[in-house]
Amino acid sequence: MRKNFKKPLWGLSALFLVLVACNDNPTPTLTPVVSTPTAVATTSAPVQTTASSSPAAVATTSAPVQTTASSSPAAVATTSAPVQTTASSSPVAVATTSVLVQTTASLSSAAVVTTSAPVQTVPSVRPTVASISPTTPISTTLNPRIGYATGPVALVDGVEISAADFNHALDTARVTTEEQAGGSLNWNTADNQALLQNLREQVLEGLINYQVVAAQAQKENLAVSVTEIQARLDDFKQQLGGLVAYQNWLARCFLTEADQRYAITQLLTFEKMEGNHSAAEDKAEQVHLRHILVQTEAEAKTIYNQLRSGADFAAMARQFSLDAASASKGGDLDFIFAGQTIQYGPDFERVAFALKTNEISGPIKTPLGYHIIQVLGKEVRPLPFDLVQQRKAEAFSAYIKSLRDKAKIEKKL
Numbered sequence: 553m554r555k556n557f558k559k560p561l562w563g564l565s566a567l568f569l570v571l572v573a574c575n576d577n578p579t580p581t582l583t584p585v586v587s588t589p590t591a592v593a594t595t596s597a598p599v600q601t602t603a604s605s606s607p608a609a610v611a612t613t614s615a616p617v618q619t620t621a622s623s624s625p626a627a628v629a630t631t632s633a634p635v636q637t638t639a640s641s642s643p644v645a646v647a648t649t650s651v652l653v654q655t656t657a658s659l660s661s662a663a664v665v666t667t668s669a670p671v672q673t674v675p676s677v678r679p680t681v682a683s684i685s686p687t688t689p690i691s692t693t694l695n696p697r698i699g700y701a702t703g704p705v706a707l708v709d710g711v712e713i714s715a716a717d718f719n720h721a722l723d724t725a726r727v728t729t730e731e732q733a734g735g736s737l738n739w740n741t742a743d744n745q746a747l748l749q750n751l752r753e754q755v756l757e758g759l760i761n762y763q764v765v766a767a768q769a770q771k772e773n774l775a776v777s778v779t780e781i782q783a784r785l786d787d788f789k790q791q792l793g794g795l796v797a798y799q800n801w802l803a804r805c806f807l808t809e810a811d812q813r814y815a816i817t818q819l820l821t822f823e824k825m826e827g828n829h830s831a832a833e834d835k836a837e838q839v840h841l842r843h844i845l846v847q848t849e850a851e852a853k854t855i856y857n858q859l860r861s862g863a864d865f866a867a868m869a870r871q872f873s874l875d876a877a878s879a880s881k882g883g884d885l886d887f888i889f890a891g892q893t894i895q896y897g898p899d900f901e902r903v904a905f906a907l908k909t910n911e912i913s914g915p916i917k918t919p920l921g922y923h924i925i926q927v928l929g930k931e932v933r934p935l936p937f938d939l940v941q942q943r944k945a946e947a948f949s950a951y952i953k954s955l956r957d958k959a960k961i962e963k964k965l
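Counting with this note's numbering, you get residues 553 to 965 for the letters of the sequence shown.
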């Protein structure tokens, strides 16, 4: 039995990880969307649901988790954490599953649907190569697997990350990589050995990130219900195209039903942890601007003096501004939020947000030339969805970094 929450997964090893799925349809893939370390680190916590005092059997395994960026089956990675459930007076064994971490450049996330259904144990036995469809493109070096760890890969505050967890996560990463490549890869070549080493490092960082977050989740007593797990599993099966497609998907990733339940448990736990530690404002003050861009300071001063003498700003922008996109609109840039016009340099926004409504600035030097700007209004307005998600990811990344900084981490790989 696993004694600790550990989430085998692979992805970008910064603080956030992009998880990739073993999918019967290889087209949908996920790529990192946040430039700051996000992937999204992974998280999870012990889940304990008790309806009586009778003991519950616990089966633990590692598994893939799903993320969706449209309606196609999305990517997953493998992870793990214990879940205990006791329903009625008879013991119910619950297989734990892993978490998928979502990131976005366009951040689409799967909705959490809750329905009620009992969770039943599935033996944690991974499919053999012989049980996989011969049409499935899989590695020719599955057993033994090149790159496997033979002993514990890390200690995080005294908690061991086992070779089994690491190897299971590496399996999913490797199968997914082969799927994206269109078939099996020879992992003995120099190029693929370098790729494999990169995957190994990503898996290790993901496991460490997951462990520090999972430990914190346990302290916060985060709980995931059996009904939540079943609902997400049903949704995942539907996205893959039904039971047969789901079973084939498990085989492709060398996973079991128990693995997937474990993955979902961790996914839901992760979502709750992310929600608790990734606050970001979804509204902010924005300014409605128009501007005139010219090449030289002398031109800018001449135009500025004419504006002060009563010249029409929009007419001057149409006649003189080098910014063709806004010149045709009288220099109008519409509402902007802080950080939106970084191409103009920091002074542009600094002045823009400091001006009063209808006030006109003097010439502002930027990398593009000299600007004269006028503020037409200020409002607190909703920020773009992608920006809010990025800021949440950055906040969660910073939170995970703080957990890592406080943890005692010893890598052994």
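By construction, the Cβ of each residue, glycine as well, lies at the ideal position given by its N, Cα and C atoms. Note that this is a predicted model, so its numbers are computed, not measured.
Could you check what DSSP says for residue i in three-state terms: helix, strand or coil?
| i | result |
| --- | --- |
| PRO578 | Model confidence at PRO578 stands at a pLDDT of 35, short of 50, so the residue's coordinates are unreliable; what they give is reported in the following sentence. Looking at PRO578 - three-state DSSP - the assignment turns out to be coil, as it is neither helix nor strand. |
| PHE889 | coil |
| THR728 | helix |
| ASP884 | strand |
| ILE916 | strand |
| GLY758 | helix |
| GLU772 | coil |
| TRP801 | helix |
| PHE872 | helix |
| ALA863 | coil |
| THR909 | coil |
| LEU748 | helix |
| ASN740 | coil |
| PHE806 | coil |
| ALA877 | helix |
| ALA701 | coil |
| ALA721 | helix |
| ALA832 | coil |
I'd like the span of the alpha helix (DSSP H) that includes residue i, first residue to last.
| i | result |
| --- | --- |
| VAL903 | 898-906 |
| GLU826 | 809-828 |
| ILE855 | 849-860 |
| LYS960 | Note, LYS960: premise wrong, no alpha helix (DSSP H); not H, not E. |
| THR779 | 778-792 |
Measuring only the C-alpha atoms, how far is residue i from residue j?
| i | j | result |
| --- | --- | --- |
| THR579 | TYR762 | Any reading at THR579 must be qualified, since the residue scores a pLDDT of 32, below 50, and its modelled position is unreliable; no value is offered. |
| THR631 | ALA766 | Because the pLDDT of THR631 is 37, which lies under 50, any placement of that residue in the model is unreliable, and the number read from its coordinates should be weighed accordingly. Taking the straight line from one Cα to the other gives about 11 Å. |
| LYS944 | SER830 | 5 Å |
| GLN799 | ASP787 | 14 Å |
| ALA866 | GLY891 | 25 Å |
| LYS953 | GLN745 | 29 Å |
| SER714 | TYR814 | 17 Å |
| ALA733 | THR741 | 15 Å |
| GLN791 | GLU962 | 39 Å |
| LEU928 | LYS908 | 9 Å |
| ARG697 | TRP739 | 9 Å |
| GLY882 | THR779 | 57 Å |
| GLU730 | SER736 | 5 Å |
| ILE888 | VAL839 | 6 Å |
| ALA852 | ILE924 | 7 Å |
| VAL708 | LYS789 | 34 Å |
| TRP801 | GLU931 | 50 Å |
| GLY710 | LEU845 | 60 Å |
| GLN858 | ASP957 | 57 Å |
| ALA877 | ASP938 | 23 Å |
| PHE1034 | LYS824 | Residue 1034 falls outside the range modelled here, since the chain spans only 553 to 965, and no answer is possible. |
| PRO936 | ASP886 | 14 Å |
| ALA832 | LEU955 | 19 Å |
| LEU819 | LEU751 | 21 Å |
In terms of residues, what are the limits of the beta strand (DSSP E) holding residue i?
| i | result |
| --- | --- |
| VAL927 | 921-934 |
| VAL711 | 711-713 |
| ILE894 | Taken as a continuous stretch (DSSP letters only), ILE894 belongs to no beta strand (DSSP E), as it is neither H nor E. |
| ARG842 | 835-846 |
| LEU707 | 706-708 |
Throw me the rounded Cβ distance for the residue i and residue j pair, which I believe falls under 8 Å.
| i | j | result |
| --- | --- | --- |
| THR817 | ILE781 | 6 Å |
| ARG842 | GLN895 | Wrong, their Cβ atoms sit about 17 Å apart, outside the cutoff. |
| LYS835 | PRO934 | 5 Å |
| PHE905 | ILE916 | That pair is no contact at about 13 Å. |
| SER861 | ARG870 | About 18 Å separates the two Cβ atoms, so there is no contact after all. |
| LEU807 | VAL755 | About 16 Å; that fails the 8 Å criterion. |
| ALA965 | ALA701 | This sequence places Leu at residue 965; Ala is not what is there. Right, the Cβ-Cβ distance comes to about 6 Å (below 8 Å), so this counts as a contact. |
| THR893 | CYS805 | That belief does not hold up - the Cβ atoms of THR893 and CYS805 are roughly 45 Å apart, past 8 Å. |
Kindly indicate if chain D contains any beta-carbon less than 8 Å away from that of residue i.
| i | result |
| --- | --- |
| ASP864 | Included in the structure is just one protein chain, with no chain D present. |
Practice task
Quick one: which unbroken beta strand (DSSP E) runs of 3-plus residues sit fully inside the stretch 932-956? Chain order, please.
Solution key: none
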